[in-house]
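> Here it is, the structure, as structure tokens.
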Amino acid sequence: MEIVKQSNGIDRKQLYVMTTGTGTKRLSDCVGQTLEIEKFVIYNRENSDGSISHVLCILTKDGDIVGTNSRSFVEGFENAAEVLGDDFTKFIVGQHRSKSGHNYLSCDVQL
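Position in the sequence shown (from 1) plus 407 gives the number in the numbering used here.
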């Protein structure tokens, strides 16, 4: 496992729990919900077939851990975190349909 990016102040126990997957909810089950960010970690995980997944796990203010490897969502989340910094505190989990008919998740930030 390679840590790509993490929020400030994340401790080792939080990092361990967030990256082991135990009790992690799927982000796709949160479509339409507003989630408030407590901590986050983005990491690369090697799959059983040798491919690499770019994974995002978020510890919410409610104490839930939510994760995804949706490329569109992770990229949107990374962009928001980079641009907004400490002002990036919450987002809405969006779901959209591409022109080719595939559903994808988006990280929607509201003003």
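Ideal placement from N, C-alpha and C gives every residue a C-beta, glycine not left out. Since this is a predicted model, take the numbers as computed values, not measurements.
State the DSSP-derived secondary structure class of D418, mapped to helix, strand or coil.
Here D418 sits in coil by DSSP.
> Mark M408 as exposed unless 16 or more other C-beta atoms lie within 10 angstroms of its C-beta, in which case mark it buried.
The residue is exposed, with fewer than 16 neighbouring Cβ atoms inside 10 Å.
> When you compare each of E453, F480 and I410 to R433 by their alpha carbons, which one comes out closest?
With distances taken between Cα atoms, R433 lies closest to F480.
> Between L512 and T475, how many whole angstroms is the CB-CB distance? I'm expecting something under 8 Å.
Yes, L512 and T475 are in contact; Cβ-Cβ is about 7 Å, under 8 Å.
> Alpha carbon to alpha carbon, how far is I449 from V411?
I449 and V411: Cα-Cα distance of roughly 5 Å.
> Taking D494 as the reference, which of V424, V438 and Q517 has the closest Cα?
The residue with the shortest Cα to Cα distance from D494 is Q517.
> Measure the beta-carbon distance from Q502 to V438 and round it to whole angstroms, keeping in mind my assumption that it falls under 8 Å.
With a Cβ gap of about 5 Å, Q502 and V438 count as contacting.
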